[in-house]
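Contents: one structure, followed by commentary.
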Amino acid sequence: MSHRQKRRLLLRALSMTGLSAALFKGSILSSFTGLQLLSSKAHAQATTAPAPAPVAQGESLKAASKAEVQALIDAFAGDATIEEDGLSMVMDPLASNPSSIPVQAVFNEQIDDNNYCEELIFIAEGNPIPLACRFKFTALSGTTEVAFRTRLIDAQYIRALARMSDGRILSARRYVTVVAGACGI
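In mature numbering (1 follows the signal peptide of the UniProt record, and there is no 0), the protein residues as written are -44 to -1, 1 to 141.
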């Protein structure tokens, strides 16, 4: 295996794990050629999100304000009208383990090459950092169903927002009651 092939394999592995963004940001990879192999999404996510402020030991975490949550929703939706049909969330209304709450989003409409989800975000409205996760898709993704686990600080609403290929924004919102907050664990 040539040196060039080894370098490509290394860069591809780093881009899949997200380590490339951290190494690139720290100028460790800046001397390499062929950086086009790095995941631009991983680099963009690592450099555009502001670092959360450190929390002093013993200080309790505070939920994001309604204005912060609304600003996140407005930034995602833009000028589009948010529709409450077409997307649903599957999750238990009571969470016994707040450190690992399963959340699933399912589309209730036909997904095909002409109508597909481009981006899907989940917002934990009562967490200190409300954006729980973000997924991006293409027409090649096929049926879009997303499931993940999140950590919640307290009982709150979880919202899913989906940007469709035709510009519509679909929304679903569910309330979950947690037994004990987990963000400070």
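Just so it is clear, CB atoms sit at the ideal spot from N, CA and C, and this is done for glycine as well.
Leu117: member of the beta strand (DSSP E) spanning 112 to 120, first to last residue.
Taking C-beta atoms as the reference points, Val102 and Gln60 count as a pair closer than 8 Å. DSSP lists Leu117 as the beta-bridge partner residues of Ser127. A Cβ-Cβ distance of about 5 Å is found for the pair Lys92 and Glu75, placing them in contact under the 8 Å criterion. Its Cα nearest to that of Ser44, the residue Ala128 stands out among Ala128, Asn71, Ile77, Thr37.
Note: Leu43 is bridge-paired with Phe63 in the DSSP secondary-structure output.
The beta-carbon distance between Val132 and Ile114, rounded to whole angstroms, is 6 Å. This is short enough to meet the 8 Å contact definition. Here Tyr72 is actually not in contact with Ala36; their C-beta atoms are around 16 Å apart, not less than 8 Å. Here Ser56 has Arg105 as same chain residues with Cβ atoms under 6 Å from its own Cβ, once five neighbours each way along the sequence are excluded. Residue environment: Val46 is assigned as exposed (fewer than 16 neighbouring CB atoms within 10 Å of its CB, all protein chains considered). According to the DSSP assignment, Leu108 belongs to no beta strand (DSSP E), since it is labelled neither H nor E.
Across the structure, Lys18 and Met(-44) are spaced so that their CA atoms are roughly 53 Å apart. In this structure, the straight-line span from the alpha carbon of Thr99 to that of Pro86 is close to 26 Å. Between Leu117 and Phe32, the CB-CB gap stays under 8 Å. Within a 10 Å sphere around the beta-carbon of Gln112 sit 16 or more other beta-carbons, which makes this residue buried. A direct Cα-Cα distance of roughly 16 Å separates Lys22 from Ala88.
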